[in-house]
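Encoded as structure tokens, the structure appears first; notes follow it.
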Amino acid sequence: MNLFLATLGLPHPPPAELMDRIPDQQRRVQELLASGVIRSYTLALDRSTLWVILRASGRSEALTVLSSFPIIEWANVDLKELAFQQSAEAQMPRFSLN
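All residue numbers for the sequence shown refer to my numbering, where the first residue is 12 and numbers rise by one.
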């Protein structure tokens, strides 16, 4: 599996139709996070840009995942394949209280 960084530009201010789809978007993202397809999902404070790091076998599959987003019709998508992605969270072991 390859990693991709999707940058989604969103209209500012967002139209009411986009805002109505936010709950569906949140549910879809939670599904993809739980299944390991999405590794990171970040929204800019001004809500103009989303950054998504996702796992896919190729560009076509990554675009298929993004097209399942309920808000995709309002997004301008830029997709880049990543050489690697690191984060402090991935490097820190989780402690067990058992």
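Note that beta-carbon positions come from the ideal geometry of N, C-alpha and C, so glycine has one too.
DSSP three-state assignment for residue i, whether helix, strand or coil
i, result
"leucine 61", "strand"
"alanine 55", "coil"
"isoleucine 49", "strand"
Inter-residue spacing [alpha-carbon to alpha-carbon] between residue i and residue j
i, j, result
"leucine 61", "leucine 108", "35 Å"
"leucine 77", "isoleucine 83", "7 Å"
"aspartate 57", "glycine 69", "31 Å"
Residues bridged to residue i (per DSSP)
i, result
"leucine 90", "Ala17"
Beta-carbon contacts of residue i that lie in its chain and below 7 Å, excluding the five residues immediately before and after
i, result
"proline 81", "Arg32, Asp35, Gln36, Arg39"
"alanine 67", "Met12, Asn13, Phe15, Ala73, Val76"
Residues near residue i in its chain [Cβ-Cβ closer than 6 Å; skip 5 each side]
i, result
"leucine 16", "Ile64, Lys91, Leu93"
"aspartate 89", "Thr18"
"glutamine 96", "Leu14, Ile64"
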